[in-house]
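Notes for the one structure printed next.
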Amino acid sequence: MRHLIWFRTDLRVADNPALFEAAIEGAELSAVFIASPGQWRQHGMADIQRDFLARNLAALSSELSALGIPFTLLEADTFVEVPELLGRLVAERGIDALYANQEIGVNERRRDRAVQQTLSIPVRVYNGDCVVAHGSLAPRSGDMYKVFTPYAKAWLARVRAEGYRLLPAPRAQGQALAVAPVSLPDGQVSSEAWLAGERAAHRQLAVFCHERLREYGERRDYPDAEGTSRLSPYLALGVLSPNQCLAAVEAELGCLPLSRGEPGFSWVNELIWREFYRHLLVVYPRLSMHQPFKAETRALKWSNNQLSFDLWCRGRTGYPLVDAAMRCLNETGWMHNRLRMIVASFLTKDLHIDWRRGEDYFMSRLIDGELAANNGGWQWAAGTGADAAPYFRVFNPTTQSERFDAEGRFIKRWLPELAEVPVSAIHAPHEWLTRHGMAQAYPPPVVDHARARRHAIAMFDDLKDRQEAP
Ligand SMILES: Cc1cc2nc3c(=O)[nH]c(=O)nc-3n(C[C@H](O)[C@H](O)[C@H](O)COP(=O)(O)OP(=O)(O)OC[C@H]3O[C@@H](n4cnc5c(N)ncnc54)[C@H](O)[C@@H]3O)c2cc1C
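Residues in the sequence shown are numbered from 1 upward in steps of one, following UniProt numbering.
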């Protein structure tokens with residue numbers, strides 16, 4: 001029996017259900033990855049993520065060669081060419097079955113259907129990216145979960161009852177092979193600040209669990225505190241699985257925290273958010289197509305102010321924490337969750353710019369860009385999502401700054417022009433800068449927050465009025 005494992009966003013050998021199943025006793029296994037640069041461009045993939053992908057593929061190639069599994073890198077510019085390319089490979093190698101882990105975007109699902117229709121061999125697809133398989137949790141009403149809290153309750157009940165499944169890497173299937181080279185067209189932006197490969201991801205996971213898991217709930221909202229795991233780039237490419245995250249938590253704490261208030265539970269809760277957004281994307285494919293979850297919000301009248309958008313992108317809005325966050329994103333390809341919420345709220349509720357422009361911009365910059373979480377986060381902030389913040393709850397960028405970067409340390413790290421501003425003025429520095437003859441150093445606020453907030457609420461009130469009109 002010859003089995004082909006097709007790697008996609010599951011770049012790991014351990015806890016990889018498709019690889020595990022493909023490697024059954026007696027099967028002769030080979031592996032393939034298909035680079036699709038044209039498709040990645042269409043999906044707006046960031047250069048830094050492409051670079052990180054290439055480096056993780058190289059690490060995977062080396063893991064596979066140690067297991068004696070030959071690895072081939074192919075290229076199909078877009079998904080449309082994939083079925084034919086795979087068909088040729090399957091015929092050349094006399095493959096009997098193809099194995100892969102499910103991907104959830106609409107284009108990925110179309111590609112996979114086309115592959116199944118084209119190949120005359122069995123195509124076996126597994127859940128490799130969630131602890132609880134997509135679509136497998138449904139309320140008794142028969143409808144699908146749209147709100148996080150009941151989804152999380154059902155998720156926790158399932159994991160309490162059934163636990164989670166952690167699969168080992170397959171046994172070596174022969175002598176180690178020479179490492180297959182991985183050369184992808186160069187990304188323009190280096191991801192070297194992040195170590196690549198499963199081993200690096202596991203080291204980072206273990207260090208996080210040992211040093212920061214217990215205090216995560218208290219520290220996770222402070223961008224300067226290094227309180228979170230920074231594992232999102234690995235989870236986004238499947239270098240690490242969520243089951244492995246749970247196993248590391250359990251190993252560290254001696255038990256899995258599955259109830260609110262237990263140490264470590266808040267981190268598990270974030271993994272549930274990740275799965276909730278993936279569940280929504282599977283159940284509501286329109287989310288993959290730039291559609292709001294709440295259909296009525298299509299009528300919102302977003303602003304087209306290009307200048308404001310550019311100021312937001314470049315970190316020149318005059319709101320220091322927003323600007324520091326955007327410059328951090330532009331320079332490093334990563335942004336802290338609290339800051340993602342603040343800048344997303346600012347773009348949509350203060351500048352009244354369409355959340356989809358922010359979503360695209362994030363995608364084009366993030367090393368952890370991931371459709372489900374990015375879309376979910378943006379729609380949550382914009383008030384258009386399934387489980388959005390109530391539309392009248394608008395983040396105040398100045399009070400958020402006072403609360404979560406009280407000393408202005410994060411701000412000063414990214415806005416060197418504010419180095420001399422005292423803490424008392426750091427969250428709204430314009431007046432201080434003017435008084436000290438430094439007004440040129442940093443822009444005044446691009447909007448008045450109180451007025452902008454009223455406008456945002458009016459936009460949503462308009463929507464309600466329309467719905468209620470006979
Ligand atoms: C507007 C907006 C856009 C976002 N875009 C993305 C994105 O493209 N890719 C992405 O992975 N996350 C995204 N997030 C979610 C979250 O900000 C990041 O996952 C988190 O900041 C990553 O840091 P960490 O690994 O240190 O997370 P930790 O706090 O250590 O959390 C552990 C893991 O849980 C998952 N997670 C944490 N918070 C969330 C969340 N709110 N929603 C979904 N999953 C979560 C991530 O996989 C994360 O690595 C977005 C959030 C917002 C508000």
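In this text, a Cβ means the ideal position worked out from N, Cα and C, and glycines have one as well.
Keep in mind the model is a prediction, meaning the values are calculated, not measured.
Runs of the beta strand (DSSP E) spanning 3 or more residues and lying entirely within the region 386-450 do not occur at all. Taking the Cβ of Tyr277 as the reference point, at least one heavy atom of ligand 1 falls within a distance shorter than 7 angstroms. Unbroken alpha helix (DSSP H) stretches of 4 residues or longer found wholly inside the region 262-309: 265-283, given in chain order. By the beta-carbon neighbour count (other beta carbons within 10 angstroms, threshold 16), Cys245 is buried.
Checking the 7 angstroms criterion, the Cβ of Asn56 is out of range of every heavy atom belonging to ligand 1.
By the C-beta density criterion, Met289 is exposed, having fewer than 16 other C-beta atoms within 10 angstroms. Scanning the region 229-257 for uninterrupted alpha helix (DSSP H) segments of 4 residues or longer gives 232-237, 242-253, listed from N- to C-terminal end. Distance from the Cα of Ala248 is smallest, within the candidate group Leu258, Arg340, Leu205, Gly333, for Leu205. Apart from sequence neighbours up to five positions away, the residues of its chain that approach Gln188 with a beta-carbon distance below 6 angstroms are Asp47, ordered along the chain. Given a length threshold of 3 residues, the region 35-70 has no whole run of the beta strand (DSSP E) inside it. In this structure, DSSP gives Glu92 a helical state, which the three-state scheme calls helix. With a contact defined as Cβ atoms closer than 8 angstroms, Ile342 and Ser191 miss out at about 25 angstroms.
Segment contact: the region 145-154 against the region 276-291, three or more CB-CB distances shorter than 8 angstroms; contact assigned.
The way I'd put it, the region 401-413 doesn't touch the region 370-381; fewer than three beta-carbon pairs between them come closer than 8 angstroms. In this structure, the beta-carbon distance from Val182 to Leu57 falls below 8 angstroms.
Going by beta carbons, Phe392 and Arg338 fall outside the 8 angstroms limit. Under the three-pair Cβ rule at 8 angstroms, the region 108-128 does not count as touching the region 255-264.
Residue burial is scored here from C-beta neighbours: Gln49 has at least 16 other C-beta atoms within 10 angstroms and is therefore classed as buried. Ranked by Cα distance from Arg55, the options Tyr234, Ala27, Gly94 are led by Tyr234.
Within the same chain, Val132, Leu137, Ile272, Glu275 come within 7 angstroms of Trp155 by CB-CB distance, once the 5 residues on both sides are set aside.
Listed in chain order, the beta strand (DSSP E) elements of length 3 or more contained wholly in the region 80-141 are 97-101, 123-126. For ligand 1, a non-hydrogen atom lies closer than 7 angstroms to the CB of Phe362. Rounded to the nearest whole angstrom, the C-alpha separation of Val90 and Ser141 is 44 angstroms. Relative to Met326, the option among Pro122, Ser303, Ser364 whose CA is nearest is Ser364.
For Phe208, the enclosing alpha helix (DSSP H) has its first and last residue at 198-211. Set against 7 angstroms, the gap from the CB of Asp368 to the closest heavy atom of ligand 1 is smaller. Glu198 sits buried, since 16 or more C-beta atoms from the chains shown fall within 10 Å of its C-beta. With 16 or more other Cβ atoms inside 10 Å of its own Cβ, Pro17 counts as buried.
In chain order, Leu29, Ser30, Ala31, Gln173 place their CB closer than 7 angstroms to the CB of Ile69, counting only its own chain and leaving out the 5 sequence neighbours on each side. In this structure, the CA atom of Asp387 is about 11 angstroms from the CA atom of Tyr151.
Between the alpha carbons of Pro320 and Pro429 lies a distance of about 8 angstroms. For Leu166, the CB contacts under 6 angstroms within the same chain, skipping 5 residues up- and downstream, are Asp15, Asn243, Ala247 in chain order. Your pair Gly227 and Glu215 checks out as a contact, with CB atoms roughly 7 angstroms apart and the cut at 8 angstroms. Annotation for Arg160: the continuous alpha helix (DSSP H) segment containing it runs 148-162. Around the CB of Pro422, fewer than 16 other CB atoms lie within 10 Å, so the residue is classed as exposed. Shortest gap from the CB of Arg230 to any heavy atom of ligand 1: under 7 angstroms.
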